[in-house]
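Visitor: Numbering (the UniProt record's numbering), first residue to last: 1 to 304. Think of the CB as a built atom: it goes at the ideal place given N, C-alpha and C, for glycine as much as any other residue.
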């Protein structure tokens, strides 16, 4: 088990035969996100990696507590007229991973981390500037990026029993109490040349990895009655839509798939409070459709 917090320390604890601290590693900023690589689940021995988010992302080896990779995300470029002085700015800091502009220091804070299921070939990182980045895990280059204000948690899940094969979903929660679910294409071995080509492309209208895409949850056009259409990314034609909140008794099947006469291009769900955490279950042969749980700041945990 790995824990971390405002003390800037990541601690790995053994849960076998009682709780015992195995080791610690200190970061230069508060730890805000921790995520084991999928291959580390239930592994005995070998190299098990842990992604730790603070003012950057490190990949730590479980047994040696050594840092195998460090990924730094530069703060966004802020126009001079938009600069807020440090006395006014809530993001002013002496953090080492920040840019000082006009007396204000703009720091990067990692909000959430999520590995792609099964092989962990991809890592999604979101920061406090609303940037959601898809990284390949050979060189940790950015394949694609989208922007959505205030995303503070993510979860990557999959459905095992779909007629279209294994379907994967990336869910994101924001302070406005909404959950956005995007559908991902299947994951295969990454070709480094293709990854670099895709990372340089500015023409893609979807979140693209080779010939596989992160795309809207349904392929059909939005219904005529849909009125809210807003840009979700400056790099393409991403759109988001509001839809009627589902009954809490509904499961993930109805949250992910809708009837043909009510299909929409992106699924967004309103919650009663700010979403702070979410997770998909693994699914099974008896229930290939995974459960999806969200937790909000008002203490409500909802399972679908």
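For residue 117 versus residue 274, is the C-beta spacing smaller than 8 Å?
Guide: no
Visitor: On the criterion of 16 or more Cβ atoms from any shown chain inside 10 Å, does residue 298 qualify as buried, or is it exposed?
Guide: exposed
Visitor: With burial defined as no fewer than 16 other Cβ atoms inside 10 Å of the residue's Cβ, what is the status of residue 70: buried or exposed?
Guide: exposed
Visitor: Less than 8 Å between the C-beta atoms of residue 125 and residue 170, yes or no?
Guide: no
Visitor: Quick one: give me the first and last residue of the beta strand (DSSP E) that residue 69 is part of.
Guide: 67–71
Visitor: With burial defined as no fewer than 16 other Cβ atoms inside 10 Å of the residue's Cβ, what is the status of residue 108: buried or exposed?
Guide: buried
Visitor: Report the rounded CA-to-CA distance for residue 293 versus residue 26, giving the unit in angstroms.
Guide: 31 Å
Visitor: Per DSSP, what are the beta-bridge partners of residue 34 in this structure?
Guide: 52
Visitor: Is residue 179 buried or exposed, if buried means 16 or more other CB atoms sit within 10 Å of its CB?
Guide: buried
Visitor: Looking at residue 149 and residue 130, is the spacing between their C-beta atoms short of 8 Å?
Guide: yes
Visitor: Tell me the rounded alpha-carbon separation between residue 127 and residue 152.
Guide: Cα to Cα, the separation comes out at about 8 Å.
Visitor: Alpha carbon to alpha carbon, how far is residue 14 from residue 49?
Guide: Those two C-alpha atoms are separated by around 15 Å.
Visitor: To which residues does DSSP link residue 144 through a beta bridge?
Guide: 134
Visitor: Using the rule of at least 16 other Cβ atoms within 10 Å of the residue's Cβ for burial, across every protein chain shown, is residue 143 buried or exposed?
Guide: buried
Visitor: Rounded to the nearest angstrom, what separates residue 73 and residue 291 at their Cα positions?
Guide: Answer to the nearest angstrom: the Cα atoms are 32 Å apart.
Visitor: Kindly indicate which residue of 20, 61, 76 and 279 has the alpha-carbon position closest to the one of residue 157.
Guide: Checked all of 20, 61, 76 and 279; the closest Cα to residue 157 is 279.
Visitor: Once the 5 residues before and after residue 277 are set aside, which same chain residues still bring their CB inside 6 Å of it?
Guide: 153 and 295
Visitor: Starting from residue 291, follow the beta strand (DSSP E) in both directions and report where the run begins and ends.
Guide: Looking at the DSSP string, residue 291 is not in any beta strand (DSSP E), and its letter there is neither H nor E.
Visitor: Taking all protein chains shown into account, do 16 or more other C-beta atoms lie within 10 angstroms of the C-beta of residue 300, making it buried, or fewer, making it exposed?
Guide: exposed
Visitor: Going by DSSP, what residue range makes up the beta strand (DSSP E) through residue 300?
Guide: Counting along the chain, residue 300 falls outside any beta strand (DSSP E), and DSSP gives it neither H nor E.
Visitor: With 16 as the cutoff for other CB atoms within 10 Å, does residue 113 come out buried or exposed?
Guide: Residue 113 is buried by the Cβ-count criterion.
Visitor: What's the gap between the Cα of residue 133 and the Cα of residue 21?
Guide: If I take the Cα positions, the gap works out to 33 Å.
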